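A.B. asks: Sharing a structure with you now.
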Amino acid sequence: MKHLNAEELLKNILARDPRYTVEAYAFVRAGLDYTVRRLDKPRHVSGQELLDGIREFALAEFGPMTKTVLNGWGIRRTEDVGEIVFNMVETGLLGKTEQDSRADFANGYDFDEAFRKPFRPIVPQAGKKSN
């Protein structure tokens, strides 16, 4: 039996599930690496930990363009991150525990709140004086 390398496994994923681009998979993998590096010592991360790490990583990498970039790759909500993760799990590119599921990525955060709000100008509230 021939062992497939990561590139061949990714081609198989893309042929089976064309919703996300190659860049989306590379980004999620890089976001996982970023998340693990933030830990005191390397260990398995939960879906929520990964989502938090990906949010920080994305904002650092793409700033105000984060949502636009992710949307261009097919990532429009946290559930998409879960789909990418589990596509990679199913081909052996990532591992999981018995407790991990796609549901871990459901309703993680709103993309507008996470990726647009940090860059919106602060509008003074009515009745308050600014210096």
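Following our numbering, the numbering of the sequence shown begins with 69 at its first residue and continues without gaps.
Glycine residues also receive a C-beta, built at the ideal position from the N, C-alpha and C atoms.
Fair warning: this is a prediction, and the values are worked out from it, not measured in the lab.
(1) Going by DSSP in three states, asparagine 175 sits in which element: helix, strand or coil?
(2) Span of the alpha helix (DSSP H) holding valine 137?
(3) Please name the residue, chosen from Phe183, Ala182 and Leu161, that lies closest to leucine 100 on a Cα-to-Cα basis.
(4) What three-state label does DSSP hand tyrosine 88 in the structure shown?
(5) Taking contact to mean 3 or more Cβ pairs, one atom from each stretch, closer than 8 Å, check whether the segment 105 to 125 and the segment 173 to 191 are in contact.
(6) Taking 7 Å as the limit between beta carbons, can you name the residues of its chain near arginine 145, skipping five residues before and five after?
(7) Taking the alpha-carbon of tyrosine 93 as reference, which of Val157, Gln116, Gln167 and Glu124 has the nearest alpha-carbon?
(8) With glycine 115 and glycine 140 assumed to form a contact (beta carbons below 8 Å), what rounded beta-carbon distance in angstroms separates them?
(9) Buried or exposed, going by whether 16 or more other CB atoms sit within 10 Å of the CB of isoleucine 190?
(10) Could you tell me the boundaries of the alpha helix (DSSP H) in which alanine 67 lies?
(11) With C-beta atoms as the reference, is leucine 78 less than 8 Å away from valine 90?
(12) Determine the DSSP secondary structure at proline 110, reduced to helix, strand or coil.
(13) How about alanine 126 and phenylalanine 183: are their beta carbons less than 8 Å apart?
C.D. replies: So, from the listed chains and residues:
(1) coil
(2) 134 to 140
(3) Leu161
(4) coil
(5) yes
(6) Phe179
(7) Val157
(8) In fact, because the Cβ distance is near 23 Å, the residues do not count as touching under 8 Å.
(9) exposed
(10) What is shown of the chain runs 69 to 199, which leaves residue 67 out entirely.
(11) yes
(12) coil
(13) yes
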